[in-house]
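Below: one structure, written as C-alpha cells.
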Amino acid sequence: MNEIEKLKLEKISSTYYSGEKRLSVLENVSLHVCPGEFVSVLGPSGSGKSTILKIAAGLLKPDSGKVWIDGENVTGLPQLVGYMPQQDLLFPWKTMWQNAALPLLASGVSKKEAFDHVAEMLPLFGLKGFADYYPYQLSGGMRQRAALLRTMLIDSNLMLLDEPFAALDALTREQMQDWLLGIWGNFRRSVLFVTHSIDEAIYLSDRVYVITERPGKNAIEQNIELERPRNKRILTTRDFTFYKKILINALAN
Ligand SMILES: Nc1ncnc2c1ncn2[C@@H]1O[C@H](COP(=O)(O)OP(=O)(O)OP(=O)(O)O)[C@@H](O)[C@H]1O
Ligand SMILES: [Mg+2]
C-alpha cells in the first residue's frame, strides 16, 4: 500500500494491574484504518475493544507495540481525535447545544460562533428545535446523536466510536446506522468503530477485524465488498449472509 494509513496499531499488547492482580487484555493486536475508510472491530465482551480505542486515542500507553497517526508515532500521547467513549458522556447540567459545543468552546471559539455552528448542524443530526433541552429531556437516540455531533465537532478527521448504538432498541439502532452512514458519506472521516453486533459491523464497514476472547488477539480481517450507498435490503442478500457466516465462525473459534 502506498497511501499512509490514517491510523495504524502495530502489535499492541496491554495489561491492566489491579492491586496484585495482573490482567493481560491485548496480545499483539495490529490493525489499520486508511483515509476515509470505515473499519470495525468486532469481538466478545471483555476482549479488549474499548482498550484498543483508548490506546488509539493515546489515553492509555500499551506495554508494547506502536500507534501511528498519519505516519507519526504517537504511542501513549493523547491525540486530538474524535473519540466517543462507550457511555455517552453528556453533562446533565448542560443543555444539548452546550454539550455539543464543548470542543468548539475548548478551542477558543466564541460562544456566539459556537452556538451558530452547532445550530447549523442540528437538522443533520435530527436535533433541530432541541438546542435548549437538557440530556434527560432527550430520547436515547437523540442523546447518542448529540454525543456524535460533539464528536464530529472535534477538529480531527479520525473518529473512534465505541459501541455508540449498543444501548438503543433494535429499530432505533437500525435507523441510527443508516443515519451514521449518511453522515459518514457527507464528511468522509476515517472511522474505527467498535461493536459486538455482527450485522452492524458488516452493514457499516469497509473492513472488519475480529478479535478473540481475552486476551484479545487478531482472529481475522475481512474486507466487506458490498456496494455503497447501502440500505437494509442488503441484509437478506447472499453476499451479506456470506460475510455473516465468516464472522460467526471467526467469533466461535
Ligand atoms: N481500568 C481498568 N483496570 C483494570 N481492568 C480493566 C480496566 N479497564 C478494563 N479492564 C479489564 O480489561 C478487560 C477488557 O476490557 P474492555 O473494556 O477493553 O473490553 P471490551 O471488549 O470493550 O468489552 P465490552 O464489549 O463489554 O465493552 C476486561 O476484563 C476489563 O475488566
Ligand atoms: Mg467496551
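Everything in the sequence shown is counted per the working numbering, starting at 949 for the first residue and increasing by one.
The C-beta atom is built at its ideal place from N, Cα and C for all residues, glycine as well.
For ALA1048, the CB contacts under 6 Å within the same chain, skipping 5 residues up- and downstream, are VAL1066, ALA1094, LEU1097 and ARG1098 in chain order. In the DSSP assignment, ASP1126 falls outside any beta strand (DSSP E) and lies within the alpha helix (DSSP H) extending over 1118 to 1135. Collapsing the DSSP output to three states places GLY1006 in coil.
The C-alpha of LEU1037 lies about 25 Å from the C-alpha of VAL1022. In the three-state scheme derived from DSSP, where H, G and I count as helix and E and B as strand, PHE1190 is classed as helix. Contact annotation: the segment 1150 to 1159 touches the segment 975 to 985, with at least three C-beta pairs closer than 8 Å.
In this structure, DSSP gives SER972 an extended state, which the three-state scheme calls strand.
Rounded to whole angstroms, the Cβ separation of GLY1013 and LYS959 is 4 Å, and the two are in contact under 8 Å. Take SER998, set aside five residues on each side of it, and the residues of its chain with a beta-carbon closer than 6 Å to its own are GLN1034 and ASP1110, in chain order. Apart from the 5 residues on each side of it in sequence, GLY1164 sits with its Cβ closer than 8 Å to the Cβ of VAL973, LEU974, GLU975, VAL977, GLY991, SER995, GLY996, LYS997, THR999 and ILE1000 in its chain, given in chain order. The Cβ neighbour count for TYR1157, taken over all protein chains shown within 10 Å, is at least 16; the residue is labelled buried. In this structure the segment 960 to 969 does not lie against the segment 1125 to 1145, because fewer than three pairs of beta carbons, one per stretch, are closer than 8 Å. If only complete runs of 3 or more residues are kept, the segment 1035 to 1114 shows the beta strand (DSSP E) at 1106 to 1110, in order along the chain. Taking every protein chain shown into account, the CB of PHE1190 has fewer than 16 other CB atoms within 10 angstroms, so this residue is exposed. In this structure, ligand 2 has a non-hydrogen atom nearer than 6 Å to the beta-carbon of GLN1034.
If you ignore the 5 residues before and after LYS1009, its C-beta comes within less than 6 Å of the C-beta of GLY1024, all in its own chain and listed in chain order.
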